[in-house]
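One line per chain: the protein sequences are A and B, in this order.
Using the working numbering, the first residue of the first sequence is number 26, and each one after it goes up by one.
Using the working numbering, the first residue of the second sequence is number 26, and each one after it goes up by one.
Note that CB positions come from ideal geometry on N, CA and C, so glycine has one too.
Each remark here refers to the structure printed beneath this line.
Protein chains: 2
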Amino acid sequence: MKSVTLKDVAKAAGVSYATVSRALSGSPQIGSDTRERIIKLCDEMGYTTNYVARSMVMKKTDLIGLVVPSVDNQFMAELAYYAEMSARSHGYNIMLCNSGPDLKQEKTVVKLLLGRQVDGILIVPQSPKTYENIRAYTDQVPTVFLSENLRDQPQSYVAADNSHGTYIGTKYLYDLGHRDILYFGRRHTTTHQLRAEGYMKACQELGLQQRFFNSEFTRSSVNNGYELAKALFARPIDYTAIFASTDSNALGILKAADELRIDIPGRLSLIGFDNIPSTDLPRIELTTIDQPKRDMAIQAVDMLRDKIENGTQGYVHQILMPTLVKRGTCREIG
Amino acid sequence: MKSVTLKDVAKAAGVSYATVSRALSGSPQIGSDTRERIIKLCDEMGYTTNYVARSMVMKKTDLIGLVVPSVDNQFMAELAYYAEMSARSHGYNIMLCNSGPDLKQEKTVVKLLLGRQVDGILIVPQSPKTYENIRAYTDQVPTVFLSENLRDQPQSYVAADNSHGTYIGTKYLYDLGHRDILYFGRRHTTTHQLRAEGYMKACQELGLQQRFFNSEFTRSSVNNGYELAKALFARPIDYTAIFASTDSNALGILKAADELRIDIPGRLSLIGFDNIPSTDLPRIELTTIDQPKRDMAIQAVDMLRDKIENGTQGYVHQILMPTLVKRGTCREIG
DNA sequence: CGAAAAATCGCAAACGTTTCCGCTTTATTT
DNA sequence: AAATAAAGCGGAAACGTTTGCGATTTTTCG
Numbered sequence: 026m027k028s029v030t031l032k033d034v035a036k037a038a039g040v041s042y043a044t045v046s047r048a049l050s051g052s053p054q055i056g057s058d059t060r061e062r063i064i065k066l067c068d069e070m071g072y073t074t075n076y077v078a079r080s081m082v083m084k085k086t087d088l089i090g091l092v093v094p095s096v097d098n099q100f101m102a103e104l105a106y107y108a109e110m111s112a113r114s115h116g117y118n119i120m121l122c123n124s125g126p127d128l129k130q131e132k133t134v135v136k137l138l139l140g141r142q143v144d145g146i147l148i149v150p151q152s153p154k155t156y157e158n159i160r161a162y163t164d165q166v167p168t169v170f171l172s173e174n175l176r177d178q179p180q181s182y183v184a185a186d187n188s189h190g191t192y193i194g195t196k197y198l199y200d201l202g203h204r205d206i207l208y209f210g211r212r213h214t215t216t217h218q219l220r221a222e223g224y225m226k227a228c229q230e231l232g233l234q235q236r237f238f239n240s241e242f243t244r245s246s247v248n249n250g251y252e253l254a255k256a257l258f259a260r261p262i263d264y265t266a267i268f269a270s271t272d273s274n275a276l277g278i279l280k281a282a283d284e285l286r287i288d289i290p291g292r293l294s295l296i297g298f299d300n301i302p303s304t305d306l307p308r309i310e311l312t313t314i315d316q317p318k319r320d321m322a323i324q325a326v327d328m329l330r331d332k333i334e335n336g337t338q339g340y341v342h343q344i345l346m347p348t349l350v351k352r353g354t355c356r357e358i359g
Numbered sequence: 026m027k028s029v030t031l032k033d034v035a036k037a038a039g040v041s042y043a044t045v046s047r048a049l050s051g052s053p054q055i056g057s058d059t060r061e062r063i064i065k066l067c068d069e070m071g072y073t074t075n076y077v078a079r080s081m082v083m084k085k086t087d088l089i090g091l092v093v094p095s096v097d098n099q100f101m102a103e104l105a106y107y108a109e110m111s112a113r114s115h116g117y118n119i120m121l122c123n124s125g126p127d128l129k130q131e132k133t134v135v136k137l138l139l140g141r142q143v144d145g146i147l148i149v150p151q152s153p154k155t156y157e158n159i160r161a162y163t164d165q166v167p168t169v170f171l172s173e174n175l176r177d178q179p180q181s182y183v184a185a186d187n188s189h190g191t192y193i194g195t196k197y198l199y200d201l202g203h204r205d206i207l208y209f210g211r212r213h214t215t216t217h218q219l220r221a222e223g224y225m226k227a228c229q230e231l232g233l234q235q236r237f238f239n240s241e242f243t244r245s246s247v248n249n250g251y252e253l254a255k256a257l258f259a260r261p262i263d264y265t266a267i268f269a270s271t272d273s274n275a276l277g278i279l280k281a282a283d284e285l286r287i288d289i290p291g292r293l294s295l296i297g298f299d300n301i302p303s304t305d306l307p308r309i310e311l312t313t314i315d316q317p318k319r320d321m322a323i324q325a326v327d328m329l330r331d332k333i334e335n336g337t338q339g340y341v342h343q344i345l346m347p348t349l350v351k352r353g354t355c356r357e358i359g
C-alpha cells in the first residue's frame, strides 16, 4: 500500500528530489539526458505524483465541487455526466454531492466542499432559496449556478432561455390550430416564472386567453403531476392542449389521461419541457422543449474555469436557447 | 479568498496551534474552558479545517473514487446517488469519474484516482475486461466492484443474483400459462451469462424448450434493442413471451412491436430486467426484475469501508436478491 | 507542607510536493 | 588563457495539519 514518492526515485536515480520534480514537470533547467533517465525510472518504479501533497504547495486542488439535488434524476444526471467529462478534459476532477431536498444539507455540502479546498463550485440549486442559503460561501470560492435562472442577481449562472422555450412551444400549438391552451405548473422558481411568462407573452401576441392550472408541488415528479392532473380532469375540459411546465408533470398528465380514457393526442395535445430521456420512449413520444443540457454543462465548467484560472471577477449570465422537439403528443386540429 | 488557518485562530486565542487542533478534535488533554473558548473563536473567525493538509499527515483522504461507465444512465445514476449518500453519511466524499466506453479511459481514471490518494475505489465495470484492465491497481487500494458478478475472481464485489432473477421471471411467465418463452439478449458478460443460466435452469425444471435470440450489441440501449427486435419480428413469431435481458432491450422490443402492430401484452408478453425508472411510466408499465440498487450501493460502500477502516483483506462476494415487479406487459394465457 | 501525580499546553517533526535561490560545472567570448 | 555567461543541479523553505514528547502548572494526598 506504501506508494513510491519523489524521494524514492531520487535516491534510485542518484539525484535530489527537486530534480525529479523538475524533470517531471518539464522544467527547462534539467538536462535532456537526465530527464529521460528519470522519466524512465519513474515509469519503472510506478511513481505517480501525489496530488494532495502537490495541492498543498500549489494552493490549488484541480477539484470542482458539483452539487445537485439528486443525481438520481435524469436531468441532473445528464448535466453531471457532461460536466464531469468536460471538467476532466481540462484537468479537473469532480467531487459529487447530492444536496437532497432540504437547505440544511445543501449548506452542509458546500461547507464541506470548501473544507476540501475545491477550486470552484458548480451548483444546481434545489430551490429559489439556495442563492441566499449559500451566499456566505460563494464569495470564498468561484461559483456558478447551473440550470436555474437567477435573473439579475450578482451571481454567475448558465441557464436555458426558459421563457423562449414556452414561447415557441405555445406558438407551435397555435400553428397546429389550438386556441385554448392550458398552462400546467407552478411558478415557484424564477425558472418556472419565466416559463409561465413565455407562455403569457405568446398568448398576448396571438390573442389567446391565458389559462393556468397550478401544481401545488415544489418538486415536479410524475407522481404529483398525476395526482394533480386527476384533479384537473375532474373539471370540464374546455381546452384542446396542455403545456406542462416539466416533462415529469407531462408524464403524470399522460398517466391520468390514460386512466380516464382521455385520448392524447386525439382529444388533447400535450407538450412538456426539458426533454428528459424518458420522453423519447415508445408509447410516450412526448413532444417537448429541449434544454441543451450538454451545452449548459460545458458552458458552466468553461465559465467556472475562467473564474478559477483567470480570476475573472464579474457576474456573467449565460442563456442558452432551447429548441422544440416534435414528437407524438401534439396533433393538428381544425 | 485567503482562508483562515489554525495559526490564525491560535494567535487570536493566544495559544499554540497544536492546542487549537486538539481542541477541535476533542482531545482529552485540553481544558474544557479553553476548549469552549477556542471553539467559539473558530466559529466566529469562520475557520474550517483544511482537508488536504489534514490528509497529508493522516495519510487518509476520506475520499472514495466512484467510476461508472456513464452516470448518464438511469441504472448507474441511481447507484451513484445512493453510494454518495451512504458514503457521506460515513464521512467520505465521492470523486466521480465516467469511464466511458473504452478501456483506456477506464484505466486512466483509476490511475488518476490513485494519484488523488483516494482511500478506496468503487467501480462498476464497463466490460468483462475491466477486471484485467485495472488489476494492476486494485492491489494498491481497496476496491470493490459493483453490479457485475465476477464469479470466483479474487476480487470483492456486490451484485444481484442475476441467475435467480431470470429464474423467477421465467417461472412467473410459466405460471401465467406461457410455454414458449424466448430469451432475448447476449451473454457477453458474466452478469448476462448468469441471466441466461437462470432462464435455462427454469426451462429445464419446467420442461420448456430453451430459445435464444442474441443481441449483437455490447451496450444495451433501447435503440439497438429496437433494431434487433425488428429483425426478430421479421421471422415467424412462434412464442408467446419474451424475456429481455435488460429493460433497455425490452423497451426497444416494445417500440418495434408497436410499430409492427404486434400487441403487447395481447399477443406477446414481455418482461425486462433491472427495473429502471423508465419502466414505471404510463403506457410502458413494463413488468421486470428489480435489481436492489439502493441496497447494492449501500452494501458496496459498507464493504469498502470495512476494507479501508479495518484493513480487511479477503475477497467477499455479496449477492443480493432481485425481485419480480409485476406490471402491465405480461398476460395470462391459456 | 512537600512531593508525587495529574492536568494543560507548547515544540517540533512529519506528510510529499514545488520553487526560489545559490552553487558548481561546462561552454562561450574576448 | 582568463573572464564571463550559461546550464544543470541541490538545499531548503513553505503549504496547514496531527501528534509524540517534553515542559510547566495545578491538584492531590500522605
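Contact with chain B is found for arginine 141 (chain A), since one of that chain's Cβ atoms lies less than 8 Å from the residue's Cβ. Residues of the segment 54–85 of chain B whose Cβ lies closer than 8 Å to any Cβ of chain A, in chain order: Thr73, Thr74, Asn75, Tyr76, Val77, Ala78, Ser80, Met81. Counting the other Cβ atoms within 10 Å of the Cβ of aspartate 299 (chain A) gives 16 or more, which makes it buried. CA-to-CA, the gap between glycine 56 (chain A) and serine 28 (chain B) works out to about 39 Å.
At a cut-off of 8 Å, the C-beta of lysine 132 (chain A) has no neighbouring C-beta in chain B.
Counting C-beta atoms within 10 angstroms of its own C-beta, arginine 141 (chain A) has 16 or more neighbours from the protein chains shown and is therefore classed as buried. Taken through DSSP and simplified to helix, strand or coil, isoleucine 89 (chain B) comes out as strand. Neighbours of isoleucine 119 (chain B) in chain A, taken as residues whose beta carbon is under 8 Å from its own, are Met120, Leu121, Cys122 in chain order.
Bounds of any beta strand (DSSP E) do not take in isoleucine 309 (chain B), whose DSSP letter is neither H nor E. Going by C-alpha positions, glutamate 157 (chain A) is about 29 Å away from methionine 110 (chain A).
Taking CB atoms only, tyrosine 340 (chain A) has no neighbour in chain B less than 8 Å away. A direct Cα-Cα distance of roughly 36 Å separates arginine 356 (chain A) from isoleucine 314 (chain B). Within the segment 207–251 of chain B, the alpha helix (DSSP H) runs of at least 4 residues that lie entirely inside it are, in chain order, 215–231. Around the Cβ of arginine 176 (chain B), a 10 Å sphere holds fewer than 16 other Cβ atoms; the residue is exposed.
The three-state reading of DSSP puts valine 350 (chain B) in strand, counting E and B together. Taking all protein chains in view, the Cβ of tyrosine 340 (chain B) is surrounded by fewer than 16 other Cβ atoms within 10 Å, so the residue is classified as exposed.
About 5 Å separates the CB atoms of asparagine 239 (chain B) and arginine 211 (chain B); that is less than 8 Å, so the two are in contact.
Counting other Cβ atoms within 10 Å of its Cβ, serine 114 (chain B) stays below 16 and is therefore classed as exposed. Contact fails between the segment 137–154 of chain B and the segment 200–210 of chain B, because fewer than three Cβ pairs, one in each stretch, are under 8 Å apart. Contact annotation: leucine 201 (chain B) and serine 270 (chain B) have beta-carbon atoms that are not nearer than 8 Å. Going by beta carbons, alanine 108 (chain B) and alanine 322 (chain B) fall inside the 8 Å limit.
Scanning chain B for C-beta atoms nearer than 7 Å to the C-beta of methionine 110 (chain A) yields Asn123, reported in chain order.
In the structure shown, valine 326 (chain B) falls within a helical segment according to DSSP collapsed to helix, strand and coil. Cβ-Cβ distances below 6 Å link alanine 102 (chain B) to Val96 in the same chain, with the five nearest sequence neighbours on each side left out; the list follows chain order. Taken through DSSP and simplified to helix, strand or coil, histidine 203 (chain B) comes out as coil.
Only those residues of the segment 290–323 of chain A whose C-beta falls short of 7 Å from the nearest C-beta of chain B are listed: Ser303, Leu306, Pro307, Arg308, Ile309.
Against chain A, the beta carbon of valine 149 (chain B) has no neighbour under 9 Å; the closest one sits roughly 14 Å away. With respect to the C-alpha of glutamate 61 (chain B), the residue from B:Leu345, B:Lys196, B:Asp331, B:Ala38 having the closest C-alpha is B:Ala38. Pairing isoleucine 89 (chain A) with glutamine 343 (chain A), the inter-Cα distance amounts to about 19 Å.
For valine 183 (chain A), DSSP records a beta bridge to A:Leu171, A:Gln343.
With respect to phenylalanine 170 (chain A), serine 152 (chain A) sits apart: the two C-beta atoms are not nearer than 8 Å. The three-state secondary structure of alanine 259 (chain B), taken from DSSP, is coil. Under the three-state reduction of DSSP output, serine 270 (chain A) falls in the coil class, being neither helix nor strand. In this structure valine 183 (chain A) is not in contact with alanine 48 (chain A), their Cβ atoms being roughly 40 Å apart against a cut-off of 8 Å. Between isoleucine 301 (chain B) and threonine 354 (chain B), the beta carbon gap of about 14 Å keeps them out of contact (Cβ cut-off 8 Å). Listed by position along chain A, the residues whose Cβ is nearer than 8 Å to that of aspartate 283 (chain B) are Pro307, Arg308.
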